[in-house]
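Enquirer:
2 protein chains.
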Amino acid sequence: MNIRIYNARVLTMEQDKDIFFGEVHVKNNKISYVGTAENAPEDQWEREIDANGNVVMPGFKNAHAHSGMTNLRSFADDLPLHEWLNEQIFPMEAKLTPDDVYHLSKLAIMEYLTSGITTSFDMYLMPDAMAQAAVDCGYRTVMAGGLNNFSQSFELLEEWLNKYNDPEGLVNFQLGFHAEYTNSKENLEKLAALVHKYKAPINTHSSETAGEVEGCIERHGMTPTQLFNSLGMFDYGGSCYHCVYMTEEDIEIMAEKGICAVTNPGSNLKLASGIAPITDMLSKGVHIAIGTDGPASNNCLDMFREMFLVTGLAKVRENDAAAVSADQVLRMATVEGAYAMGLKNADVLAEGKFADLIMLDLNQPNMQPLNNIVKNIVYSGSKQNVKLTMVNGKVLYEDGNFFIGTPAQEIYAKANEIIERMK
Amino acid sequence: MNIRIYNARVLTMEQDKDIFFGEVHVKNNKISYVGTAENAPEDQWEREIDANGNVVMPGFKNAHAHSGMTNLRSFADDLPLHEWLNEQIFPMEAKLTPDDVYHLSKLAIMEYLTSGITTSFDMYLMPDAMAQAAVDCGYRTVMAGGLNNFSQSFELLEEWLNKYNDPEGLVNFQLGFHAEYTNSKENLEKLAALVHKYKAPINTHSSETAGEVEGCIERHGMTPTQLFNSLGMFDYGGSCYHCVYMTEEDIEIMAEKGICAVTNPGSNLKLASGIAPITDMLSKGVHIAIGTDGPASNNCLDMFREMFLVTGLAKVRENDAAAVSADQVLRMATVEGAYAMGLKNADVLAEGKFADLIMLDLNQPNMQPLNNIVKNIVYSGSKQNVKLTMVNGKVLYEDGNFFIGTPAQEIYAKANEIIERMK
C-alpha cells in the first residue's frame, strides 16, 4: 500500500538529527521517503494521513517479553521472584496448550500496539504459536529460545532457528535459554557449541536477583555474566535480560562483547528484585534496551511507564537528578531495542527501512506546552498519546481501534475462558 | 441533571464492600442511588449511560499539586530539588500574572480529567486565579496557602480561608505554608496561632530531601515534623507533602495527630529525592494519600503512574514483593485523598455524596482478563482506560473530549504563548 503521512513533526531517531516538519512515505512494507514537503516526490496514494503536527517516529521495541502470559495478569502477585515462579507460574504454564499461547499472545500484541510498540523480543514456550499470532495480526516479533532442564530441547532450538530466519519476514528466531539457574552446566556448554556452530547471538535472563547471582557463584565460582562469557557464549553477541546485580567485571564483559543489557524496571520493582545500575552500564558503553517483561510480573505492557522508570530509578539510585537523559531513554526504547533483536532494518525512520512507525498525539494536555518534545514523550507520555501504530506498512491500531484480523472482544473472551479453565 | 448509569461494575470504595453489578444515579451534583438494578428507583432521566460492564468508582483525589506550573513542563529538568527550585523555578514564577495562572491551571485540570482525577489539593501562588479556573471548568479543588518569607501573607491566608469555606461549593481553602526552609521561626509561630484561632488543619511540604531535614535540625534542633508539632501546628490535623525522610518519632507524631502523609513518588524519583517509607507509615497507622506534585517536577499528572510507583517503590525499598497491596493503594488514591483535603462528601460512592466519579474502560487489552479488577487498575491501568470523568454531577471528560467551557486548542495555545513570553 502507498501511504503518505504529511504535516508531521518527524523524529527519525537518527543520531544528532533534530525533529523537523515534513513527510514520511510508505511503499508496501518499507519507508520510501523521509523529508520536507518541498522535496517530497509525487505519487499515487492509496491513503494520505494528515498528521496535524503530531510526532511521527519509529515504533518502540519491547526488548524483553513473555507475550503468552497474559492469562496470568493479576492472577499471582505480590510474591518474590522464585516463589512466584516456582509455586504460581510454572504450575499454571504446565496447563497451557499451543492454542492457548496463540490467543494469549494476540492479547499481548493488542496491548503492545496501544503503547506504540511495533516489535517485541519474546521468550516463551511454544514459539510456533507466538509466531502464528504475530503473522495473523501483521505484527513483527523476534523470538528467543527459552531452553531449560525441563522444557524445549536443542533439536527444537535448531529447528526454530532454521525455520524463522528471514530478515525480511515478520518473524525471526534467536538462540536463547531461560537462565543459568534452570540449566545444567552441560546444557550451557551445549548452548555455547550451538552459538559457535551458527555464529549466532544468544539471549537469556541474567543477574535479575541477588540470590540468583549468589547461587551461580556457589555453583560455578563466578557470576552468570562471567560464566556465560567463559563458556564462549557471548562470542557472537546477544542480550541479557534484567542485569540488576552486576559487578564491574560483568559490565566490562557486556561492553567488550557488545552484549545488550535489557532493563525491565517495572518488573524489577514489582517482584522487589532491585534497581539496575543503568548509569554504570551506560558510562562503560554497554548497549541498553528496555523491556516490559511479562504481564504476570509487570503487569502492564507499556513502554511509556518503563521509559519513565528507567530514568526515574536511575536518578534516585545515583542520587543525581541529571542521571540518564530523556534522549538516552528514547534511544534505548527504539534504536537500542532494534540492536538487541538484531533488526538492522527497524531502528530509525529512513528510506529502505521497515515501515514500523507510530504517531504520537501532541494535542493532549500531557504534551503541552511544547517546550521539549522528547522530554514530553519520556517524562509525560502515556498510551493515550498513541494515535496510530503501523507495522510493516500496515496500520494495526488507530484512534483506539485494532486492525488485526480478529475482533478485540473475541480475544478478550478467549483470554478469560483460558484462565477460567486453568484455575 | 438527572443521570442514570447502568450495567456498571460498581466499586464504591466503602470498606469491605466488593465490586457488584448495578447502577449509580446522579441528581444535580449528588449521588442519589447506588445499588442493584432490581432495587433501583424509577425516575425521569435526562441522560442514561450504559456502562457496558465497565467500572464506575469514585474519582481519584490528587492530594498534592501545583496546577499553575504547567508552563514549566519539560522546561527545567534533570536538576536536584534546591537548584531546580532556586535557579529555575522561582525566577520563572516571578514573571507569572494571575491571568497566566488561570490559563495554566486549566491545562492542568484537563490533564487531571484524562487521568480520572476529580479533585486536586493545590498549593500555588494566586489561589484566586486557580479558584476561578476550577469554577469555570466545573472542577473541584481544595487549595492550601503557600506562605513563605517572600510571598503570600497572613492577611491573605485569612482572607482566602474566609472566602473559600463552603463545604458544598467547588472550591475550598485550607491554611498552608511552603516549607520550613522557606519560612522564619516567627512565620511558623504565627501560623500555629492561626491554626488555633480557626481550629483549622494546616498543610506544608515536609521532609522531602535529606538536606532539608538536616538543615532543619541545624536551625531548630529537630526534624520538620517534630518542629511543627512542638509549635502546636498539628493540633487540628492537616497534611505533610512528600515525607521521604522520616524518623520513627516523626511517624508516631503523624499517626497520633492524624496528619496525612501525601506521597509523590514520581516527583521524588525525578528530582532524585528518595523513596518514602510507606510501609513503616502504614504499619503505624498514618493516613497516606497520593499526589502528582507539579508538572515541572513530575512531569506527568497521572494517578495511574503514581499508584504503580507507590506499591512498586515500596516493594523494592522493603525488599518485599508483598509490600503495599493494590487495595491499599487504591484507598490512598481515593478515600485517603478525600481525608487529606477534608472532603467528607467526596470519598466513596454512596447516596448523598458528591457525584465525583469516573468510568474505567475494561474493554482494553491492559484490563484483560478480569482476574482481579482492583489489581488490574493499580498494576496495569492507564489514562487510556478513563472513559468518563464526572465532577459535581457534570460530565467534564468523555471518550477523549472535554466539556469545560473552553476549547482544548485555545488552552494549549495560551500555555505556549505564556511560556514563550517568559523565556
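Going down the list, the sequences are from chains X and S. If you're matching positions, the first sequence starts at 1073 in the numbering used here and goes up one per residue. If you're matching positions, the second sequence starts at 1073 in the numbering used here and goes up one per residue. Idealized CB from N, CA, C, for every residue including glycine. Given the structure is predicted, the values throughout are model-derived calculations rather than measurements.
Suppose only complete runs of 3+ residues qualify. What are the beta strand (DSSP E) ranges in the stretch 1291-1363 of chain X, listed by chain order?
Expert: The qualifying runs are 1310-1314, 1332-1335 and 1360-1362.
Enquirer: Identify whether S:Pro1130 lies in helix, strand or coil by the three-state DSSP scheme.
Expert: Three-state DSSP puts S:Pro1130 in a strand.
Enquirer: Threshold first: 3 residues or longer. Then list the beta strand (DSSP E) segments lying entirely within the stretch 1379-1450 of chain X, N to C.
Expert: Complete beta strand (DSSP E) runs here, min 3: 1429-1432.
Enquirer: Just curious, the alpha helix (DSSP H) that S:Met1182 is in, first and last residue?
Expert: Here the alpha helix (DSSP H) through S:Met1182 covers Pro1170 to Thr1186.
Enquirer: Tell me whether S:Glu1521 is buried or exposed, calling it buried when 16 or more other Cβ atoms sit within 10 Å of its Cβ.
Expert: Chain S is shown from 1073 up to 1495; residue 1521 of chain S falls before or after that span and cannot be answered.
Enquirer: Out of X:Phe1475, X:Leu1402, X:Lys1495 and X:Arg1493, state which residue places its alpha-carbon closest to the alpha-carbon of X:Lys1178.
Expert: Among X:Phe1475, X:Leu1402, X:Lys1495 and X:Arg1493, the Cα nearest to that of X:Lys1178 belongs to X:Phe1475.
Enquirer: Output needed for S:Glu1033: all residues of its chain with C-beta closer than 6 Å, excluding positions within five of it in sequence on either side, in chain order.
Expert: Beyond the ends of chain S as shown, which are 1073 and 1495, falls residue 1033 of chain S; an answer cannot be given.
Enquirer: Does the beta-carbon distance from X:Thr1406 to X:Met1085 come in below 7 Å?
Expert: In contact: X:Thr1406 and X:Met1085 (Cβ atoms closer than 7 Å).
Enquirer: Name the chain S residues whose beta carbon is nearer than 7 Å to that of X:Leu1343?
Expert: Residues of chain S passing the Cβ test: Ala1393.
Enquirer: Tell me which residue opens and which closes the beta strand (DSSP E) that X:Tyr1105 is part of.
Expert: Lys1102 to Gly1107 is the span of the beta strand (DSSP E), which, as asked, contains X:Tyr1105.
Enquirer: Which residue's Cα is closest to the Cα of S:Asn1301: S:Tyr1317, S:Met1326, S:Glu1286 and S:Thr1281?
Expert: The shortest Cα separation from S:Asn1301 among S:Tyr1317, S:Met1326, S:Glu1286 and S:Thr1281 belongs to S:Met1326.
Enquirer: Are the CB atoms of X:Met1375 and X:Ser1187 nearer to each other than 7 Å?
Expert: Against a cut-off of 7 Å, the Cβ pair of X:Ser1187 and X:Met1375 comes out as a contact.
Enquirer: For a contact defined as C-beta to C-beta under 9 Å, what are the partners of X:Leu1373 on chain S?
Expert: Correct list: Pro1437, Asn1438 and Ser1452.
Enquirer: Less than 7 Å separating the beta-carbons of S:Val1382 and S:Val1358?
Expert: Result no, Cβ atoms of S:Val1382 and S:Val1358 do not sit closer than 7 Å.
Enquirer: If contact means a Cβ-Cβ distance below 8 Å, which residues of the stretch 1106-1136 of chain X contact chain S?
Expert: Listed by position along the chain: nothing, the set is empty.
Enquirer: Thinking C-alpha only, which one of S:Ala1418, S:Asp1352 and S:Glu1482 is nearest S:His1175?
Expert: Of the listed residues, the one whose Cα sits closest to S:His1175 is S:Glu1482.
Enquirer: Going straight from the alpha carbon of S:Gly1140 to that of X:Glu1095, what length do you get?
Expert: Roughly 35 Å between the two C-alpha positions.
Enquirer: Closer than 9 Å, Cβ to Cβ, to anything on chain X: give me those residues from the stretch 1149-1172 of chain S, in chain order.
Expert: If the cut-off is 9 Å between Cβ atoms, the stretch 1149-1172 of chain S has Asp1149, Asp1150, Leu1151, Pro1152, Leu1153, Glu1155 and Trp1156 near chain X.
Enquirer: Do S:Ala1344 and X:Val1388 have their CB atoms nearer than 7 Å?
Expert: Contact flag set, yes.
Enquirer: Measuring alpha carbon to alpha carbon, tell me which residue in X:Ala1203, X:Val1446, X:Phe1132 and X:Cys1209 is nearest X:Trp1232.
Expert: Closest option to X:Trp1232, Cα to Cα, is X:Ala1203.
Enquirer: Report, in whole angstroms, the separation of the C-beta atoms of X:Ala1427 and X:Val1128, which I expect to be a contact under 8 Å.
Expert: Contact flag wrong, Cβ pair sits at about 11 Å.
Enquirer: Determine the direct distance from the alpha carbon of S:Gly1241 to that of S:Gly1217, and round the result to whole angstroms.
Expert: Answer to the nearest angstrom: the Cα atoms are 18 Å apart.
Enquirer: For a contact meaning CB atoms closer than 9 Å, what does X:Gly1509 contact in chain S?
Expert: In the structure as shown, chain X begins at 1073 and stops at 1495. Residue 1509 of chain X is therefore absent and cannot be evaluated.
Enquirer: For S:Asp1208, which residues of its own chain have a beta-carbon under 7 Å away from its beta-carbon, when the five flanking residues on both sides are left out?
Expert: Gly1477.
Enquirer: Please state whether the Cβ-Cβ distance between S:Ala1412 and S:Ala1361 is less than 7 Å.
Expert: A contact, by the Cβ cut-off of 7 Å.
Enquirer: Would you call X:Ala1206 buried or exposed, if buried means 16 or more other Cβ atoms sit within 10 Å of its Cβ?
Expert: Buried is the call here.
Enquirer: Excluding five sequence neighbours on each side, which residues of the same chain lie with their C-beta closer than 6 Å to the C-beta of X:Phe1245?
Expert: Excluding sequence neighbours, X:Phe1245 sits near Met1215, Trp1232, Leu1233 and Tyr1236.
Enquirer: Quick check on X:Tyr1236: does DSSP put it in helix, strand or coil?
Expert: The answer is coil: DSSP assigns X:Tyr1236 none of H, G, I, E or B.
Enquirer: When you compare the CB positions of X:Val1285 and X:Tyr1317, do they come within less than 7 Å of one another, or not?
Expert: Yes, they are a contact pair.
Enquirer: How about S:Pro1273 and X:Ala1487: are their beta carbons less than 7 Å apart?
Expert: It is not a contact, given that the beta carbons lie outside the stated cut-off.
Enquirer: Would you report the Cα separation of X:Gln1087 and X:Val1420, rounded to the nearest angstrom?
Expert: C-alpha separation (whole angstroms): 9 Å.
Enquirer: Would you report the Cα separation of S:Glu1227 and S:Leu1263, rounded to the nearest angstrom?
Expert: Computed Cα separation, rounded: 11 Å.
Enquirer: Can you check the stretch 1216-1275 of chain S for any beta strand (DSSP E) of at least 3 residues that lies completely inside it and give the ranges in chain order?
Expert: Within the stretch 1216-1275 of chain S, the complete beta strand (DSSP E) runs of at least 3 residues are 1243-1249.
Enquirer: Determine, using beta carbons only, whether S:Tyr1469 and S:Leu1185 come nearer to each other than 7 Å.
Expert: Against a cut-off of 7 Å, the Cβ pair of S:Leu1185 and S:Tyr1469 comes out as a contact.
Enquirer: If you drop the 5 nearest sequence neighbours on each side, which residues of the same chain put their C-beta closer than 6 Å to that of S:Gly1453?
Expert: Closer than 6 Å at Cβ, skipping near neighbours: Phe1376.
Enquirer: X:Gly1131 and X:Leu1497 - do their beta-carbons sit closer together than 7 Å?
Expert: Any question about residue 1497 of chain X goes unanswered here, given that chain X covers just 1073 to 1495.
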